[in-house]
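In the numbering used here, the protein residues as written are 17 to 312. Backbone N, C-alpha and C fix where the C-beta goes; we use that ideal spot for every residue, glycine too. To keep things clear, I will list the structure first and then write my remarks on it.
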Amino acid sequence: MNTTPRRVEHQQTDRGYIPVYTTATVEQPWADYTPSEHEVWATLFRRQREVLQGRACNEFLENQQRFGMTPDTIPKFQDLNKVLKAGTDWEIVGVEGLLPDEIFFDHLANRRFPVTWWIRKPEQLDYLSEPDLFHDLFGHVPMLLNPVFADYVQAYGRGGVKAHKLGADALMNLTRLYWYTVEFGLINTPEGVRIYGSGIVSSKGESIYCLESDSPNRIGFDLERIMRTQYKIDTYQQTYFVIDGFQQLMDATLPDFTPIYARLEDQPAFPAGSVQQDDRVIHRGTGEGWVKTGDA
Ligand code: HBI
Ligand code: FE
């Protein structure tokens with residue numbers, strides 16, 4: 017099996033130049049993973065399970081354990097799907113990598129989570145610029161066992177289908193919501209601020225940085241604030257938004273976003289690292305020691 021994914025095109029977006037792969041779903045070629053690929057999984061799995069103790073929220077850690085993922089081998093989508101289907105009626109589908117937005121949204125709206133079948137190379141343990149199996153499986157799939165979060169991701173997908181019809185501005189607003197919640201979200205818990213965002217839990221450096229560095233802002237969740245906030249994909253985040261519970265995410269998606277998008281169209285965007293007057297500031301970032309992804 018040729019484990020080089022089929023790169024079909026690159027797409028210029030406001031976030032940079034990103035690869036977009038074939039849009040079909042694919043079978044996970046499990047028997048073709050090499051010992052070196054299982055080893056990459058093992059190394060990352062052990063490293064992140066350790067770093068996330070006391071940093072990731074309990075919902076993430078406990079749900080991940082319910083899947084029975086181990087460092088021994090790359091999990092089989094089929095096995096995970098038994099747990100996921102029974103738990104929240106979601107399922108994993110194999111994909112080559114990043115999908116065009118509207119196809120990605122359609123999967124989520126139908127409770128299918130696209131998981132990249134290939135895993136990063138040993139020299140990419142700390143960083144790669146696109147989702148791979150480790151990010152998708154280790155990072156995203158556990159939270160889909162949380163009923164409220166599972167419904168939120170579906171609601172996001174439905175919102176995406178709608179936003180895609182409304183146009184580029186609406187889509188940009190909605191994509192920021194995904195970025196600052198599903199990918200880079202933090203949550204307030206009785207034990208302190210914890211991680212639930214997938215982009216963080218799959219990164220050792222950012223798992224430590226987001227909670228322990230003085231550099232980034234940590235600001236209370238606010239839907240419209242997030243929809244106006246720019247983000248970077250190739251650095252650690254300069255701002256993290258902190259929810260008080262997963263129901264807060266679900267509640268935020270209940271209203272129709274159409275009038276919100278219309279209102280936001282006339283308002284300037286906020287730079288990624290800015291602090292605004294009405295922000296519920298949990299930590300005001302110093303902006304110092306700001307890190308390029310993969311440096312730490
Ligand atoms: N495709 N496979 C995959 N995984 C993603 O996380 C993903 C995607 N396509 C688009 C995308 N994410 C984001 O731009 C969405 O928020 C729109
Ligand atoms: Fe992701």
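At a cut-off of 6 Å, the beta-carbon of residue 68 does not count as near the ligand HBI: no heavy atom of the ligand is closer than that.
Put simply, of 180, 68 and 79 the residue whose alpha carbon is nearest the alpha carbon of residue 209 is 68. Runs of the beta strand (DSSP E) lying entirely within the region 241-271, each at least 3 residues long, are 255-259 in chain order. Here DSSP, grouped into helix, strand and coil, assigns residue 291 to coil.
In the structure shown, the three-state DSSP call for residue 96 is helix. If only complete runs of 4 or more residues are kept, the region 87-162 shows the alpha helix (DSSP H) at 93-104 and 117-125, in order along the chain. Per DSSP, residue 296 lies in no beta strand (DSSP E) and is assigned neither H nor E. Straight-line spacing of the CA atoms in residue 206 and residue 260 works out to 10 Å. If you look at residue 56, you'll find it isn't in any beta strand (DSSP E); it sits in the alpha helix (DSSP H) that goes 51-68.
Contact residues of the ligand FE (beta-carbon closer than 6 Å to any heavy atom; chain order) are 147, 151, 156, 199, 214 and 215. Our two residues, residue 107 and residue 240, have alpha carbons roughly 30 Å apart in a direct line.
No Cβ-Cβ contact shorter than 7 Å links residue 71 with residue 87. In this structure, residue 232 has its beta carbon at no less than 6 Å from each heavy atom of the ligand HBI. In the three-state scheme derived from DSSP, where H, G and I count as helix and E and B as strand, residue 41 is classed as coil. According to DSSP, residue pairing for residue 186 in a beta bridge does not occur.
Annotated as proximal: residue 215 and residue 199, with beta-carbon spacing under 7 Å. If you look at residue 84, you'll find it isn't in any beta strand (DSSP E); DSSP assigns it neither H nor E. In the DSSP assignment, residue 236 forms a beta bridge with 258. In this structure, the ligand HBI has a non-hydrogen atom nearer than 6 Å to the beta-carbon of residue 115. Take the alpha-carbon of residue 124 and the one of residue 301: they are about 33 Å apart. With contact defined as three or more Cβ pairs closer than 8 Å, the region 160-172 and the region 265-274 are in contact. Beta bridge pairing from DSSP links residue 209 with 204. Rounded to the nearest whole angstrom, the CA to CA distance from residue 289 to residue 48 is 43 Å.
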